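S.K.:
In the UniProt record's numbering, the protein residues as written are 1 to 326.
1) Do residue 257 and residue 47 have their C-beta atoms within less than 8 Å of each other?
2) So for residue 222, helix, strand or coil by DSSP?
3) Residues bridged to residue 110 by DSSP?
4) Below 8 Å CB to CB, which residues in the same chain sit around residue 23 once its five sequence neighbours on both sides are set aside?
5) Nearest-angstrom Cα distance between residue 181 and residue 232?
6) Give me the DSSP bridge partner(s) of residue 30.
7) How long is the line joining the alpha carbons of residue 26 and residue 77, rounded to whole angstroms?
8) Could you have a look at residue 215 and say whether DSSP puts it in helix, strand or coil?
9) Which residue marks the beginning of the beta strand (DSSP E) containing residue 100, and which one marks its end?
10) I'd like the span of the alpha helix (DSSP H) that includes residue 275, first residue to last.
11) Could you tell me whether the Cβ atoms of residue 39 and residue 261 are closer together than 8 Å?
12) Would you call residue 292 buried or exposed, if buried means 16 or more other Cβ atoms sit within 10 Å of its Cβ?
13) Verify whether the separation of the beta carbon atoms of residue 209 and residue 295 is less than 8 Å.
14) Within 10 angstroms of its Cβ, does residue 80 collect 16 or more other Cβ (buried), or is it exposed?
15) Got a sec? Which residues, its chain only, sit under 6 Å from residue 101 by beta carbon, not counting five neighbours each side?
16) Could you tell me the alpha carbon to alpha carbon distance between residue 187 and residue 242, rounded to whole angstroms?
17) How would you label residue 168, buried or exposed, when you count the other beta carbons within 10 angstroms and need 16 or more for buried?
18) What first and last residue would you give for the beta strand (DSSP E) that runs through residue 161?
19) Just checking, does the segment 171-179 make contact with the segment 142-154 on the three C-beta pairs under 8 Å criterion?
20) For residue 132, which residues does DSSP report across the bridge?
21) Give me the DSSP bridge partner(s) of residue 297.
22) Which same chain residues end up closer than 6 Å to residue 272 when comparing Cβ atoms and leaving out the 5 residues on each side of it in sequence?
23) The alpha helix (DSSP H) with residue 359 in it runs from where to where?
24) Use the C-beta contact count for residue 313: other C-beta atoms within 10 angstroms, 16 or more gives buried, fewer gives exposed.
25) Within 10 Å of its beta-carbon, does residue 289 have 16 or more other beta-carbons around it, so buried, or fewer, so exposed?
26) From what residue to what residue does the alpha helix (DSSP H) around residue 41 run?
27) Measuring only the C-alpha atoms, how far is residue 84 from residue 217?
28) Within 10 Å of its beta-carbon, does residue 305 have 16 or more other beta-carbons around it, so buried, or fewer, so exposed?
29) Would you be able to state if there are at least three C-beta pairs under 8 Å between the segment 106-121 and the segment 200-209?
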């Protein structure tokens, strides 16, 4: 039979164990990439203790690249990553309960040097064109479609296409080995700081295919069971994410926390990256985002079909998540 001291000790141990289990359950693991903007937001959440204020502990898991992020997400090594709407839709149409919460409307662009003779899509004929993301990159597919429909130009055959990693293509554009390059937004911002210009943005292309506003093709991806089993943690993370974005938009001094993560070698690059990040903060309702997401998906289904989208014909009905109402 336990003494009173023994009972109290056992009770304290049980409470400590309960506390540890609760702390573990309330930890939210966010996968982040080197220099990815999710790490910027996470730094602000920790700096302002927005995770504690919203009932969870944020843990960042550093991942080497997009492939590693997808593997970590599919393997339940993280609770969320920033990912692509089209990939999330493909998973959903294959039966995986993935949910998508809009993260950013900032997308890539077709970049050319300042003073380039290329002034429109027709000007790409015969030119050396770099394309980031490969032949099935959604922005490339949409740009090719716009080339056909507005300029009567088949870019696959009319231009000299070079697929490659974004940093390599940006370097080749700077050195003059390419005449133009379709790049992700961070590389576009860095080139703009060096005097390069955007010829056509991804937003321009999406609006040409019916988008009514800036579309978030990048979002936080959650497993459906995470949303179902841990709704308060997901809602807390959503509130912290929104608060972090709002803080970056309203408090310039807070960027001192983020700048070391940005690999910005000079003030012009820093300001360009900052400007593009802030301009991409989603401000529309989830309903408006979904309506435009459907338009873009339908266009991609018509142009690329199962090679890009898999078996899906439309976006999964429960794909979009208003995380504040999870």
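Yeah, the Cβ is synthetic: ideal placement off N, Cα and C, and Gly gets one too. Since the model is a prediction, treat every value here as computed from it, not as a measurement.
M.R.: Let me spell this out:
1) Looking up residue 257 in the chain shown gives position 257. Looking up residue 47 in the chain shown gives position 47. Yes, the Cβ-Cβ distance between residue 257 and residue 47 is below 8 Å.
2) Residue 222 sits at position 222 when you count from the first residue of the chain shown. Residue 222: strand per DSSP, three-state reduction.
3) The residue you call residue 110 lines up with position 110 of the chain shown. Its beta-bridge partners are 182 and 200.
4) On the chain shown, residue 23 is found 23 positions in, with the first residue counted as 1. Confidence in residue 23 is poor, its pLDDT being 44 and thus under 50, which makes the residue's placement too unreliable to answer from.
5) The sequence position of residue 181 within the chain shown is 181, counting from 1. The sequence position of residue 232 within the chain shown is 232, counting from 1. Using only the alpha carbons, I get a separation of about 43 Å.
6) Counting from 1 along the chain shown, the entry for residue 30 is found at position 30. 60 and 80.
7) For this step, residue 26 is matched to residue 26 along the chain shown. For this step, residue 77 is matched to residue 77 along the chain shown. The alpha-carbon atoms of residue 26 and residue 77 are separated by roughly 15 Å.
8) Walking along the chain shown from the start, residue 215 turns up at place 215. Three-state DSSP puts residue 215 in coil, outside helix and strand.
9) Counting from one through the chain shown, the residue named residue 100 turns up at place 100. Its beta strand (DSSP E) spans residues 98-104.
10) Position 275 of the chain shown holds residue 275. 267-279 is the extent of the alpha helix (DSSP H) around residue 275.
11) Numbered from its first residue, the chain shown carries residue 39 at position 39. Numbered from its first residue, the chain shown carries residue 261 at position 261. Closer than 8 Å, so yes.
12) Position 292 of the chain shown, counted from the start, is the residue given in the question as residue 292. Classification of residue 292: buried, given that the 10 Å Cβ count is 16 or more.
13) Within the chain shown, residue 209 is the residue found at index 209, counting from 1. Within the chain shown, residue 295 is the residue found at index 295, counting from 1. Yes, Cβ-Cβ distance for residue 209 and residue 295 is below 8 Å.
14) Numbered from 1 along the chain shown, position 80 holds the residue referred to as residue 80. Buried, since its Cβ has 16 or more Cβ neighbours within 10 Å.
15) For this step, residue 101 is matched to residue 101 along the chain shown. Cβ within range, chain order: 219, 220, 321 and 323.
16) The residue labelled residue 187 in the question sits at position 187 within the chain shown. The residue labelled residue 242 in the question sits at position 242 within the chain shown. Going from the Cα of residue 187 to the Cα of residue 242 covers about 25 Å.
17) Here residue 168 refers to the residue found at position 168 of the chain shown. Residue 168 should be labelled exposed.
18) For the purposes of this step, residue 161 is identified with residue 161 of the chain shown, where counting begins at 1. Start and end: 160-164.
19) no
20) Taking the chain shown and counting its residues from 1, the one referred to as residue 132 is at position 132. Answer by DSSP bridge pairing, in chain order: 164.
21) Taking the chain shown and counting its residues from 1, one reaches residue 297 at position 297. Note: residue 297 sits in no beta bridge, so no partner.
22) Along the chain shown, read from residue 1 onward, the residue named residue 272 stands at position 272. Here the set comprises 189, 192 and 193.
23) A question about residue 359 goes unanswered here, because the residues of the chain that appear run from 1 up to 326.
24) Within the chain shown, the letter at position 313 stands for residue 313. The residue is exposed, with fewer than 16 neighbouring Cβ atoms inside 10 Å.
25) The sequence position of residue 289 within the chain shown is 289, counting from 1. It counts as buried.
26) To locate residue 41, count along the chain shown from 1; it is residue 41. From DSSP, the alpha helix (DSSP H) with residue 41 extends over 37-47.
27) Numbered from its first residue, the chain shown carries residue 84 at position 84. Numbered from its first residue, the chain shown carries residue 217 at position 217. Taking the straight line from one Cα to the other gives about 6 Å.
28) Position 305 of the chain shown, counting from 1, holds the residue named residue 305. Label assigned to residue 305: exposed.
29) yes
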